[in-house]
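Visitor: One structure is given below, represented as structure tokens, and several questions about it will come after.
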Amino acid sequence: MSLVTIYEYLSNQKYSYEVILCDDGSYDSTLRIARDFSQGKSNFHILSLPHKGKGSAVKAGMIAARGKYRFMCDADLAMPLEQIKLFLTELKNGCDIAIGSRELIGSNRYEEPKFRYLSGRIFNLFVKVVALRKYSDTQCGFKCFSSEAAEKIFPVLKTKGWAFDVEALLLAERHRFLVSEIPINWYHGEESKVKFRSAVFQMAKDILFMRIRLFFSTGN
């Protein structure tokens, strides 16, 4: 179970922590399980949100967070938590944002169907052409932000769906934050496959609109 894994890992670390569980209007037992597990754990907090999309949920969590470093991860824990230290090291060494990559030399992808891999590469090429040229993998669900970066980016983030990562990185460029990509080990899950297929076309549309919006925007 992901919550048990998170709790056991963080309980054995020397640093203080908080965990913010963002429920995006789920209709199953997710919220009940999270509430039951969090009882008696003062550093576990739950945000029960109306369904608006992953970007909206992550935005709410990042705004609610109070830590010096703010790490986001997908609930399926496709990346082993032991790799969190790689992200923290990058921020401690001066980066503002560290993002996981499944494409850099040194990264490994496990149990991923060829169709899913090919679709992801095509989508990443689209992102490079339309929005962000220098990143090998914008959509990996594991990213760490300094408090300064999070507080500049997420309050003004507009994208509510799966393409929010691209807008966050575009805003990071606007603010001249230093971003580091980290090669990670990543394990494909069936759930993430279904979500990707159902969301990819909406993501492409969202990226086109956000690129136009940010191009004409003069705000922060």
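The sequence shown lines up with residues 48 to 267 when you count with the numbering used here.
Note that the Cβ used here is the ideal one computed from N, Cα and C, for glycine as well.
#1: Measure the alpha-carbon distance for Ala210 versus Tyr62 and round it to whole angstroms.
#2: Can you round the beta-carbon distance between Leu151 and Ser183 to whole angstroms, since I take them to be within the 8 Å contact cut?
#3: Closest to Arg180 by C-alpha separation, out of Tyr157, Gly153, Glu220 and Pro202, would be which residue?
#4: Tell me which residues share the same chain as Leu255 and place their Cβ nearer than 7 Å to its Cβ, disregarding the 5 neighbours each side in the sequence.
#5: What span of residues does the beta strand (DSSP E) with Val226 cover, start to end?
#6: In this structure, does DSSP put Gly141 in helix, strand or coil?
#7: For the beta strand (DSSP E) that Tyr116 lies in, which residues bound it at each end?
#8: Taking only runs that begin and end inside the segment 57 to 93, name each unbroken alpha helix (DSSP H) of 4 or more residues, in chain order.
#9: If you compare alpha carbons, which of Pro127, Ala246, Asn140 and His92 is closest to Gly100?
#10: Just to check my reading of the structure: Gly108 and Cys69 have Cβ atoms closer than 8 Å, yes? What is that Cβ distance to the nearest angstrom?
#11: Could you give the C-beta distance for His235 and Arg156, rounded to a whole number, given that I count them as a contact under 8 Å?
#12: Can you give me the Cβ contacts of Tyr164 inside the same chain, cut-off strictly under 8 Å, excluding the 5 residues immediately before and after it?
#13: Flag this pair as yes or no: are the beta carbons of Leu218 and Ile200 separated by less than 7 Å?
#14: If distances are taken between C-alpha atoms only, which option among Ala215, Lys115 and Cys191 comes closest to Pro202?
#15: In chain order, what residues of the same chain lie with their CB nearer than 6 Å to the CB of Leu57, ignoring the 5 residues before and after it?
#16: How would you label Phe91, buried or exposed, when you count the other beta carbons within 10 angstroms and need 16 or more for buried?
#17: Helix, strand or coil for Arg260 per DSSP?
Guide: Reading from the atomic positions:
#1: 31 Å
#2: 6 Å
#3: Glu220
#4: Taken in chain order, the residues that qualify are Val177.
#5: Val226 to Pro230
#6: coil
#7: Tyr116 to Met119
#8: 77 to 85
#9: Ala246
#10: 4 Å
#11: 7 Å
#12: Arg156
#13: yes
#14: Scanning Ala215, Lys115 and Cys191 for the CA closest to the CA of Pro202 turns up Ala215.
#15: Tyr64
#16: When all chains shown are included, Phe91 counts as buried.
#17: helix
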